[in-house]
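Q: Under UniProt numbering, the residue at position 147 of the sequence shown is numbered 147, and the numbers go up by one with no gaps. Even for Gly, the Cβ is constructed at its ideal location relative to N, Cα and C.
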Amino acid sequence: MTKVINIGNEAKIGDGSFSIIGGPCAVENYAQMEKVGCFLNSLNIKFLRGGAFKPRTSPNSFQGLGFEGFKILKEIKEKYDFKVVSEVMDPRDVEKASEYIDIIQIGSRNMQNYVLLKEIGKTEKPVLLKRGMSSTIKEWIMAAEYIKKEGNENIILCERGIRTFEDYSRNTLDLVSVPIIKSKTDYPILVDPSHGTGRKELILPATKAALAIGADGVIIEVHPEPSKALSDGFQSLDFSQFKSLFNEIKKINELV
Ligand code: PEP
Ligand code: MN
Numbered sequence: 001m002t003k004v005i006n007i008g009n010e011a012k013i014g015d016g017s018f019s020i021i022g023g024p025c026a027v028e029n030y031a032q033m034e035k036v037g038c039f040l041n042s043l044n045i046k047f048l049r050g051g052a053f054k055p056r057t058s059p060n061s062f063q064g065l066g067f068e069g070f071k072i073l074k075e076i077k078e079k080y081d082f083k084v085v086s087e088v089m090d091p092r093d094v095e096k097a098s099e100y101i102d103i104i105q106i107g108s109r110n111m112q113n114y115v116l117l118k119e120i121g122k123t124e125k126p127v128l129l130k131r132g133m134s135s136t137i138k139e140w141i142m143a144a145e146y147i148k149k150e151g152n153e154n155i156i157l158c159e160r161g162i163r164t165f166e167d168y169s170r171n172t173l174d175l176v177s178v179p180i181i182k183s184k185t186d187y188p189i190l191v192d193p194s195h196g197t198g199r200k201e202l203i204l205p206a207t208k209a210a211l212a213i214g215a216d217g218v219i220i221e222v223h224p225e226p227s228k229a230l231s232d233g234f235q236s237l238d239f240s241q242f243k244s245l246f247n248e249i250k251k252i253n254e255l256v
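In structure tokens:
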């Protein structure tokens, strides 16, 4: 049985509904987040993503706004009543981050950062634990165990694709991990078709597949102007693409 994770008083992940989390890869400025917030709110979406600490492959790429980004997220969260997901990379930031965001994301690159996992384990904050890009399902479950062992059981897993020889897509989205996780654990599991495919045209089919295979939801990158995004613009949907995905998924979801 999937454990229902309460996010604050009203929102839940793992309760049988298909949760949709939307937002840009990175928080860039207030105006950008306000546009995204207003748009997602118009679709009645409850969960907002946006990275303030960005683990970029190159140290010369935009690294995120840090706590300034968290402040922006909190303003938008309060304005539209969102639950906010954002990454924390440094164990020293965990406590302070908890004042701004609702779900702490542990990124793929930090899935085996045991100091970070233990620090988050000492809180009661919901955690979105992304699968390491080169991690087996067993290693991923063990990473969750590090959090749980410290007392925090508010864990949500996220399949975000793994490294294989295939290079057409950015990663290989291992969707069968969803039923495997369901059979081996009681954690809810989301799918990230944005990082999982790295290709806009694959995000809708991957989201449909995630729904069909039993995922508890998806986390999708959306940006007001993807071509100007400071990170991951190539895989970010614009508002109209996101809206048509949302409507299509809603239609299918109502049928099942
Ligand atoms: C992200 O969600 O923007 C991100 C960096 O994801 P991942 O850790 O899966 O690469
Ligand atoms: Mn990204």
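1. Inspect the CB distances between the stretch 163-175 and the stretch 192-203 and report whether three or more fall short of 8 Å.
2. Please determine whether the Cβ atom of residue 223 lies at a distance below 6 Å from any heavy atom of the ligand PEP.
3. Between which two residues does the alpha helix (DSSP H) holding residue 39 run?
4. How many Å lie between residue 125 and residue 85 at the Cα?
5. So which residues put a beta carbon under 5 Å from any heavy atom of the ligand MN, going in chain order?
6. Go through its chain and collect everything with a Cβ distance to residue 95's Cβ below 8 Å, but skip five positions before and after it.
7. Quick check: the Cα distance between residue 87 and residue 251, rounded to an integer number of angstroms?
8. Can you tell which of 216, 112, 144 has the C-alpha that lies nearest to the C-alpha of residue 15?
9. From 105, 83, 204, pick the residue whose C-alpha is nearest to that of residue 93; which is it?
10. Please classify residue 165: is it buried, with 16 or more other beta-carbons within 10 angstroms of its beta-carbon, or exposed?
11. When the Cα atoms are used, what is the spatial distance from residue 113 to residue 129?
12. How long is the line joining the alpha carbons of residue 31 and residue 183, rounded to whole angstroms?
13. Let's see if you can read the secondary structure: which residues bound the beta strand (DSSP E) around residue 191?
14. Given residue 26, which residues of its chain have a CB within under 6 Å of its CB, disregarding the five upstream and five downstream residues?
15. Using a Cβ-based criterion (distance less than 6 Å to any ligand heavy atom), does residue 108 qualify as near the ligand PEP?
16. Taking 6 Å as the cut-off, is the CB of residue 83 close to at least one heavy atom of the ligand PEP?
A: Per the coordinate set shown:
1. yes
2. Counting from 1 along the sequence shown, the entry for residue 223 is found at position 223. No, since every heavy atom of the ligand PEP falls outside the 6 Å radius drawn around the Cβ of residue 223.
3. What you label residue 39 is simply residue 39 of the sequence shown in a count that begins at 1. 30-42 is the span of the alpha helix (DSSP H), which, as asked, contains residue 39.
4. As a position in the sequence shown, residue 125 is number 125, starting the count at 1. As a position in the sequence shown, residue 85 is number 85, starting the count at 1. Their backbone Cα atoms lie some 11 Å apart in a straight line.
5. 25, 232
6. Locating residue 95 in the sequence shown gives position 95, where the first residue counts as 1. Correct list, in chain order: 123.
7. Taking the sequence shown and counting its residues from 1, the one referred to as residue 87 is at position 87. Taking the sequence shown and counting its residues from 1, the one referred to as residue 251 is at position 251. Answer to the nearest angstrom: the Cα atoms are 31 Å apart.
8. Against the sequence shown, residue 15 aligns to sequence position 15. Looking at the Cα atoms, 216 is the closest of the given residues.
9. Residue mapping note: residue 93 aligns to position 93 of the sequence shown, counting from 1. Out of 105, 83, 204, 105 has the C-alpha closest to the C-alpha of residue 93.
10. If you number the sequence shown from 1, residue 165 lands on position 165. The residue in question, residue 165, is exposed, as its Cβ has fewer than 16 Cβ neighbours within 10 Å.
11. Along the sequence shown, read from residue 1 onward, the residue named residue 113 stands at position 113. Along the sequence shown, read from residue 1 onward, the residue named residue 129 stands at position 129. So the two alpha carbons sit approximately 11 Å from each other.
12. Here residue 31 corresponds to residue number 31 of the sequence shown, with the count starting at 1. Here residue 183 corresponds to residue number 183 of the sequence shown, with the count starting at 1. Roughly 43 Å between the two C-alpha positions.
13. In the sequence shown, the residue the question calls residue 191 occupies position 191. 189-191 is the extent of the beta strand (DSSP E) around residue 191.
14. Against the sequence shown, residue 26 aligns to sequence position 26. If we look at residue 26 and ignore the five residues flanking it on each side, its Cβ neighbours are 51, 54, 64, 230, 231.
15. Locating residue 108 in the sequence shown gives position 108, counting from the first residue. Answer for residue 108: yes, Cβ within range of the ligand PEP.
16. Walking along the sequence shown from the start, residue 83 turns up at place 83. Not under cutoff, so the answer is no.
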